[in-house]
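In the numbering used here, the protein residues as written are 18 to 336.
Glycine residues also receive a C-beta, built at the ideal position from the N, C-alpha and C atoms.
If you're wondering where the values come from, they're calculated on a predicted model, not measured in any experiment.
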Ligand SMILES: Nc1ncnc2c1ncn2[C@@H]1O[C@H](COP(=O)(O)OP(=O)(O)O)[C@@H](O)[C@H]1O
Ligand SMILES: [Mg+2]
């Protein structure tokens with residue numbers, strides 16, 4: 018067993034809005050092991066990004082933590098002071114997003130953004146030293162240092178995404194949260210970016226939480242997978258376990274909806290029904306209104322999480 022860098026226990030994140038409270042995360046537990054890549058998958062709106070932002074304590078208003086804990090090397094992030102959290106962001110935990118343009122400042126050259134990021138955390142460093150460190154980071158990414166003199170808009174989407182990961186890693190965090198990092202890239206550039214991510218993961222022994230609605234993306238990189246549905250964890254396990262022997266009917270539905278070229282399936286099986294209303298979630302198991310294997314108990318009681326050999330599912334079929 019490797020040490021866990023992150024341990025999320027029974028996390029709850031709520032957004033009170035005019036029509037009620039959006040229970041975006043409703044009791045999620047998840048561990049990220051040192052040097053592991055954990056893929057977080059599920060349909061749009063299931064709470065993946067909220068979970069990612071929670072780890073950096075960056076909830077958008079009116080969100081708040083309604084319960085649980087998020088431990089980074091044993092220290093609860095939710096109990097840290099504001100300045101401790103500021104220190105944690107970037108230095109210990111880096112994050113990259115779907116759209117690099119929203120996180121890169123269009124007004125500043127890339128080099129200035131590196132220097133700014135580095136000196137925010139290490140104020141003792143001279144501009145020269147910070148620039149040298151930025152150049153070394155670019156070298157790791159296979160980017161010429163001349164790029165430091167360019168503005169973000171002068172770069173392609175793939176190049177901007179590389180710059181983003183450079184900024185996320187330049188302070189040597191040991192955890193990286195990557196939220197849909199390839200969704201805005203075309204297929205080839207996205208595949209190259211995933212290769213780069215894998216290479217960096219090995220080089221720096223990074224622990225990565227890789228968030229994607231695309232099972233193909235997480236399958237390529239992840240050691241483990243957590244499947245979310247309606248703000249809860251439906252299933253988790255090693256990639257081979259979850260893909261080879263999916264337990265939860267929701268996971269089975271997700272896998273069946275992937276086009277399989279080799280099997281030459283004529284059409285995609287899509288899962289009937291809508292994602293759940295998180296203001297008034299269905300009682301019992303949130304998936305029960307869409308579940309092909311629904312039983313009486315599923316409509317009444319929330320399933321416990323059970324399983325063996327780290328392959329777990331929250332489903333009454335296994336309780
Ligand atoms: N600032 C907010 N105010 C109200 N609801 C929000 C806010 N941010 C997220 N939500 C809700 O939380 C749920 C989870 O959203 P999100 O984490 O973005 O899902 P995903 O990343 O899986 O698509 C959604 O129902 C979304 O509408
Ligand atoms: Mg999202």
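In chain order, what are the residues with a CB under 5 Å from some non-hydrogen atom of ligand 1? Listed by chain position, these are 32, 39, 41, 61, 62, 63, 64, 65, 66, 67, 77 and 295.
Start-to-end residues for the beta strand (DSSP E) that takes in residue 83: Counting along the chain, the unbroken beta strand (DSSP E) around residue 83 starts and ends at 81-89.
Okay, do the region 171-189 and the region 144-163 touch, 3+ Cβ pairs below 8 Å being the bar? Segments in contact, yes.
Using a 10 Å radius around the Cβ and a threshold of 16 neighbouring Cβ atoms, would you call residue 34 buried or exposed? With a threshold of 16 other beta carbon atoms within 10 Å, residue 34 falls short and is exposed.
In terms of residues, what are the limits of the beta strand (DSSP E) holding residue 163? It is not in any beta strand (DSSP E) - residue 163 carries neither H nor E in the DSSP assignment.
Where the alpha helix (DSSP H) containing residue 296 begins and where it ends: From DSSP, residue 296 is part of no alpha helix (DSSP H); its letter is neither H nor E.
Unbroken alpha helix (DSSP H) runs of length 4 or more, entirely within the region 222-250: which are they? If only uninterrupted alpha helix (DSSP H) runs of at least 4 residues are considered, those enclosed by the region 222-250 are 232-238.
When the Cα of residue 221 is compared with those of 71, 189 and 167, which residue comes out closest? If we check each option's Cα against that of residue 221, 189 comes out closest.
I want to check one thing, is the minimum distance from the CB of residue 231 to the heavy atoms of ligand 2 below 7 Å? Of the heavy atoms belonging to ligand 2, none sits nearer than 7 Å to the Cβ of residue 231.
DSSP state of residue 169 mapped onto helix, strand, coil: For residue 169, the secondary structure class from DSSP, reduced to helix, strand or coil, is helix.
How far does the beta strand (DSSP E) with residue 196 in it extend, from its first residue to its last? In the DSSP annotation of this structure, the continuous segment of the beta strand (DSSP E) that includes residue 196 starts and ends at 192-196.
Leaving aside the five residues before and after residue 284 along the sequence, list all residues of the same chain whose C-beta is less than 7 Å from its C-beta, in chain order. With a pLDDT of 48 at residue 284, under the threshold of 50, the modelled position of this residue cannot be trusted, and the question is left open.
For the beta strand (DSSP E) that residue 33 lies in, which residues bound it at each end? For residue 33, the uninterrupted beta strand (DSSP E) segment begins and ends at 21-34.
Cβ of residue 196 within 7 Å of any heavy atom in ligand 3? With respect to small molecules bound, the structure shown includes ligand 1 and ligand 2 and not ligand 3.
Roughly how many angstroms lie between the CA atoms of residue 39 and residue 208, to the nearest whole one? Looking at the backbone, the Cα of residue 39 and that of residue 208 are separated by about 35 Å.
Could you give the distance in angstroms between the alpha-carbon of residue 134 and the alpha-carbon of residue 330? Taking the straight line from one Cα to the other gives about 41 Å.
Three-state secondary structure assigned by DSSP to residue 112: Strand, per DSSP.
Assuming residue 241 contacts residue 256 (C-beta within less than 8 Å), just tell me the rounded distance between them. That belief holds up - the Cβ atoms of residue 241 and residue 256 are roughly 7 Å apart, short of 8 Å.
From the DSSP output, in three-state form, read off residue 329 for me. Residue 329 falls in the strand class under three-state DSSP.
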